[in-house]
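Residue numbers (the UniProt record's numbering): 1 to 226.
Note that beta-carbon positions come from the ideal geometry of N, C-alpha and C, so glycine has one too.
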């Protein structure tokens, strides 16, 4: 498994590289955001391990760049920033998982394997087309059409819409959405679900007469098949 490690602390990177290589991974180290950005397309990375506090382009900026370029490689953020707001921010920018320093090495390896399993499952099902009424979602092309009009979504909006369509005509709670789309604990006090539902609603329903994303008061949200 090919890993791209973005970490500027030499002591931490040496520890991680030694342990990961002993665990059977191939690790390429870059020590700043600029070099990381130039190496993103060098190979077909399985996982990107990303520190936040980097000397030039910080990890949050790099994360946004990765998703802006539609690079779908799973990103595991590994950071000393342990505040829930930092985790929410990273996940909202497109991180797939978040591990706080210091960490147990066995947990790091377990999270890498979990992300790789998820990546393989997504790849195997990537030829699917999800349909909800006049809305079509082409997973392999990261493409959305409603009445043949293409709708451009961000990485997180795409994940949210996919979850809603997979549960179409069912009410899903904010907690279910947080866990399934962002992978974060429902005890974190955040309105991020409402914010992204609003983003999605503006794009999916905005100019169309028939609205398909519903707010179910006191329960959550539902996308309905027309």
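Under the rule that 16 or more other beta-carbon atoms within 10 Å means buried, what is residue i, buried or exposed?
i, result
"residue 171", "exposed"
"residue 113", "exposed"
"residue 26", "exposed"
"residue 194", "exposed"
Tell me which same chain residues have a C-beta within less than 6 angstroms of the C-beta of residue i, skipping the five on either side of it?
i, result
"residue 180", "163"
"residue 227", "The structure shown does not extend to residue 227, since the chain is modelled only from 1 through 226, so no value can be given for it."
"residue 4", "28, 45 and 48"
Can you list, in chain order, the residues of its chain whose CB lies under 7 angstroms from that of residue i, leaving out five sequence neighbours each side?
i, result
"residue 200", "157, 160, 161 and 213"
"residue 40", "66 and 71"
Go ahead and pull the three-state DSSP assignment for residue i.
i, result
"residue 24", "coil"
"residue 154", "coil"
"residue 59", "helix"
"residue 121", "helix"
"residue 228", "Here the chain comprises residues numbered 1 to 226, so residue 228 is not present and cannot be evaluated."
"residue 53", "coil"
"residue 29", "strand"
"residue 219", "coil"
Let me make sure I understand the geometry here. Which of the options has the alpha-carbon closest to that of residue i?
i, options, result
"residue 53", "42, 69 and 82", "82"
"residue 121", "140, 109 and 135", "140"
Which same chain residues, not among the five before or five after residue i, have their C-beta less than 8 angstroms away from its C-beta?
i, result
"residue 173", "219 and 220"
_Below 8 angstroms, how does it come out for the stretch 31-39 and the stretch 85-100: are there three or more Cβ pairs, yes or no?_
no
_Segment contact, 8 angstroms Cβ cut-off, at least three pairs: the stretch 73-82 with the stretch 97-111_ = yes
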